[in-house]
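Q: No gaps in the numbering here: position 1 of the sequence shown is 239 in my numbering, and each next residue is one more.
My questions will all concern the structure given below.
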Amino acid sequence: MRAHRPGFTLIEMLVVMVVIALLLTLALPRYIGSLEQARERVLRENLKIMRVSLDKFYADRGRFPDTLADLVEHNYLRAVPIDPMTESALTWIAVPAADAEAAGVADVKSGAAGTDKEGNAYESL
């Protein structure tokens with residue numbers, strides 16, 4: 239007669255591994271989707287903050303800033319935000335003023351390629 243040794247059998251270990259794999263296949267796609275959705279929200283918020291700062295700069299000084307760095311230099315922003323899609327603060331596209339007399343950066347867009355969940359290009363947000 240054999241003595242009973244404590245431990246797990248191979249079958250028990252395989253069942254546990256299958257259950258973990260099943261849970262991962264259900265949870266992982268949802269997690270990845272939520273990460274992308276969070277990036278899109280941060281992008282929209284960063285654009286909103288920079289556009290409000292551009293408007294405040296124009297209201298205070300009567301002109302648009304020459305660069306986005308001017309917003310930081312004149313304390314309208316602590317730092318130029320990072321574009322979450324490109325993970326860089328250097329990829330923002332500065333849109334010049336439509337009026338030829340009002341030179342400077344009047345708007346800002348993302349330099350990221352691709353589209354959001356709704357099909358809008360990042361650069362058109």
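Ideal Cβ positions, reconstructed from N, Cα and C, are used throughout, including at glycine.
Bear in mind that the values here come from a model prediction, so they are computed numbers and not experimental data.
Applying the criterion that 16 or more other CB atoms from any shown protein chain within 10 Å of the CB defines a buried residue, is ASP337 buried or exposed?
A: Exposed: under 16 other Cβ atoms inside 10 Å.
Q: Per DSSP, VAL343 forms a beta bridge with which residues?
A: Paired residue(s): PRO334.
Q: Any idea which residues DSSP pairs ALA359 with across the strands?
A: Looking at the DSSP assignment, ALA359 forms a beta bridge with THR353.
Q: So, is ARG303 buried or exposed, given that buried needs 16 or more other C-beta atoms within 10 angstroms?
A: For the sequence presented, residue 303 should be read as Pro rather than Arg. By the 10 Å Cβ count, PRO303 comes out buried.
Q: On the criterion of 16 or more Cβ atoms from any shown chain inside 10 Å, does ALA351 qualify as buried, or is it exposed?
A: Looking at its Cβ environment, which holds fewer than 16 other Cβ atoms inside 10 Å, ALA351 is exposed.
Q: In terms of alpha-carbon separation, which member of ILE270, PHE295 and ALA265 lies closest to LEU315?
A: When only C-alpha atoms are compared, the closest one is PHE295.
Q: Verify whether the separation of the beta carbon atoms of GLU361 and GLY349 is less than 8 Å.
A: Yes, these two residues count as a Cβ contact at 8 Å.
Q: Bridge partners for ASP321 per DSSP, in chain order?
A: Answer by DSSP bridge pairing, in chain order: SER326.
Q: At the level of alpha carbons, what is the spacing between PRO267 and GLY300?
A: Rounded to the nearest angstrom, the two C-alpha atoms are 49 Å apart.
Q: Could you say if the segment 307-323 and the segment 271-288 meet the contact criterion of at least three C-beta pairs nearer than 8 Å?
A: Yes, they touch.
Q: Grab me the residues of LYS355's own chain with a C-beta within less than 8 Å of its C-beta, minus the 5 sequence neighbours each way, in chain order.
A: Result list for LYS355: GLU274, GLN275 and GLU278, in chain order.
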